[in-house]
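Notes for the one structure printed next.
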Amino acid sequence: MDRRKFIQSSALSALAIQPSLKSLQNMTYQDSEVNILNPLDRVPVSMIIDDSTALVNLAYYGIPQFGEVFPKKYLQDWRKLPREIPDAFVMEFIEWCDAHGVKGKYSMVPYPACTGWLHRFIPGWSKQELKQSLDLVRNEVTRNWDIHPEMISHTRVIDIKTGLPFPQATPDYMENWEWSQNKSADELGEYLAYALNVLKEAGYTCEGVTTPGGFGSKNMSNLASANMEAVDEVYGSGVSHFFRNVIVDKEQSVAPEVMKYKNIQSDNPSCSVHIIGCTADWFGGWDGLTPGDTERFITKDLQSGRMIEVIDSGEPALMVCHWPGIYYNGDKLGFNIFKTVVDRLDQKYGNSIIWMKLSEIAQYWAAKEFVSFEQSERGLIINAPFGVNDFTFSLKKRFRHPVLLNGNNTTSLTELSSTENIKNNSFLRNKKQTTVCMDLPNGRSELVDNQ
Numbered sequence: 002m003d004r005r006k007f008i009q010s011s012a013l014s015a016l017a018i019q020p021s022l023k024s025l026q027n028m029t030y031q032d033s034e035v036n037i038l039n040p041l042d043r044v045p046v047s048m049i050i051d052d053s054t055a056l057v058n059l060a061y062y063g064i065p066q067f068g069e070v071f072p073k074k075y076l077q078d079w080r081k082l083p084r085e086i087p088d089a090f091v092m093e094f095i096e097w098c099d100a101h102g103v104k105g106k107y108s109m110v111p112y113p114a115c116t117g118w119l120h121r122f123i124p125g126w127s128k129q130e131l132k133q134s135l136d137l138v139r140n141e142v143t144r145n146w147d148i149h150p151e152m153i154s155h156t157r158v159i160d161i162k163t164g165l166p167f168p169q170a171t172p173d174y175m176e177n178w179e180w181s182q183n184k185s186a187d188e189l190g191e192y193l194a195y196a197l198n199v200l201k202e203a204g205y206t207c208e209g210v211t212t213p214g215g216f217g218s219k220n221m222s223n224l225a226s227a228n229m230e231a232v233d234e235v236y237g238s239g240v241s242h243f244f245r246n247v248i249v250d251k252e253q254s255v256a257p258e259v260m261k262y263k264n265i266q267s268d269n270p271s272c273s274v275h276i277i278g279c280t281a282d283w284f285g286g287w288d289g290l291t292p293g294d295t296e297r298f299i300t301k302d303l304q305s306g307r308m309i310e311v312i313d314s315g316e317p318a319l320m321v322c323h324w325p326g327i328y329y330n331g332d333k334l335g336f337n338i339f340k341t342v343v344d345r346l347d348q349k350y351g352n353s354i355i356w357m358k359l360s361e362i363a364q365y366w367a368a369k370e371f372v373s374f375e376q377s378e379r380g381l382i383i384n385a386p387f388g389v390n391d392f393t394f395s396l397k398k399r400f401r402h403p404v405l406l407n408g409n410n411t412t413s414l415t416e417l418s419s420t421e422n423i424k425n426n427s428f429l430r431n432k433k434q435t436t437v438c439m440d441l442p443n444g445r446s447e448l449v450d451n452q
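In terms of this note's numbering, the sequence shown is residues 2 to 452.
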């Protein structure tokens, strides 16, 4: 499987998923009495950028390597492409996104197409140029975007004992294809940790990874475990995530999946969340040669398109693009399509959607998966291995003046009118239920009525 060919994901994503901790718990508060909502009762949206890195246009350097493996398949005239995607464009893109509240994920391929190492040097650019590019991403991009390695090179598999590409130009030694499909969780974990350590040395913090092409598509269970162990080892993140699949079939769910977990009932829980994209590469092809199509995301009349299908379902709507297609050889065709899509989403949905980074979505879904509730004499006991901001839920109990107790901390929630949008540390109530939004602490807390 190759994500660039618009994957319509199958049951692979369900392989070897562990049972939810909720099924193992003996809760006294019925699930039917608590309904966990989206954060701030809005639908999360995000932008996933693949094939980005410092300076290097991955299409220019990657296509000839793919063509060596499949000479009849990769016939693009890659020499027409620019070898560099300049920092000036990165800044232009990020400034526009910041002004419009856009958040997402931005890859930094550690050894892009085997040209050079981000934490050392890349031939063809000076060390100062590389430093400036790394600083730009670190200082500007990371405010609203997660940074992911997209494995090590995105082309040839690297021998992590030597740091050199394996000499065989075959599918079995390319990251996009077969090498990852039969590796153990430990082997994959070592490979992911190698990529993460390069980015860590380059000054980045990562809570997740992106798979290049079909990496791990037939090995999802081991990939999920490898992601959890590698991110935990290098950065100590409790909730890790990985972007692997894209689903464009409206009959299938695109909700994030908690695929692996450990130590949930300890003080040091971990889990691995599979993040799923909902659109294909419709901004402009990964090769920088295929025009995109705005209407496939959301039509001019705001009545149809893939984003409307997903947002109206209430599941996170995560768009997918490739950086060479956004730049589109300097014509910025993909960027202009993206601007139109964002403007149309704002016209259609306004405050009913919320832009989030992938790490924020993963954290919310981990909290949602493992939180449990118990009745208490005063109200509701909440047990949460993973805390999260803007945790929103409704329950079949009317609180007059809810207060959140967590250790020595007390947080009073503000009542809103029925016409207001829910916001953090607030609640809405009607005759049948109370809707609450709060920062959920990890561990044990209690929601009580301070009458």
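Here a beta-carbon is modelled for each residue, glycine too, at the ideal position from N, C-alpha and C.
Express the C-alpha separation of residue j and residue i in angstroms, rounding to a whole number.
i    : j    : result
D173 : D187 : 18 Å
F336 : K432 : 47 Å
V255 : S127 : 42 Å
R401 : D450 : 6 Å
L406 : V389 : 16 Å
I362 : T291 : 30 Å
L22  : S373 : Bear in mind that a pLDDT of 46 at L22, under 50, signals an unreliable position, so the model cannot answer this.
Y30  : A231 : Low per-residue confidence applies at Y30: pLDDT is 49, beneath 50, and the placement is therefore not dependable enough to give any value.
E202 : Y195 : 11 Å
M260 : G204 : 29 Å
A225 : S273 : 6 Å
L38  : Q133 : 42 Å
K397 : V437 : 11 Å
V311 : E252 : 10 Å
D160 : Y192 : 9 Å
G215 : G102 : 31 Å
L76  : R84  : 18 Å
E151 : P72  : 24 Å
I265 : G331 : 48 Å
P113 : I153 : 7 Å
If residue i and residue j are in contact, beta carbons under 8 Å, what's the gap, nearest whole angstrom?
i    : j    : result
F339 : F284 : 6 Å
C322 : D288 : Not quite, the Cβ-Cβ distance comes to about 13 Å (not below 8 Å), so this is no contact.
H155 : G63  : 6 Å
F387 : G237 : Wrong, their Cβ atoms sit about 14 Å apart, outside the cutoff.
W146 : G105 : 6 Å
V199 : H120 : 5 Å
Hey, could you find the ends of the alpha helix (DSSP H) residue i is sitting in?
i    : result
T143 : Note, T143: premise wrong, no alpha helix (DSSP H); not H, not E.
R245 : That residue, R245, is in no alpha helix (DSSP H); its beta strand (DSSP E) goes 240-247.
A225 : 221-236
Taking the alpha carbon of residue i as the reference point, which residue from the options has its own alpha carbon closest?
i    : options                : result
P40  : P87, N422, F392, G293  : F392
L381 : T411, S446, N246       : S446
R430 : L441, E416, D440       : E416
S218 : L200, W180, I355, Y192 : W180
T54  : Q77, W79, V35, V142    : V142
G326 : D42, I49, V44, N36     : I49
N476 : A227, S47, I355        : This structure gives no information on residue 476, because the portion of the chain shown stretches from 2 to 452.
M308 : N352, V249, W366       : V249
P442 : S418, F428, S395, I383 : I383
K1   : T163, N183, A60        : Here the chain covers residues 2 to 452 and nothing more, so residue 1 does not appear.
C115 : S353, W324, V91, L165  : L165
What residue range does the beta strand (DSSP E) around residue i cover?
i    : result
Y107 : 105-108
N410 : 410-413
D347 : It is not in any beta strand (DSSP E) - D347 instead sits in the alpha helix (DSSP H) that spans 334-350.
V46  : 44-51
Go through the segment 61-120 residue by residue and report every complete run of the alpha helix (DSSP H) that reaches 4 residues or more, in order.
88-100
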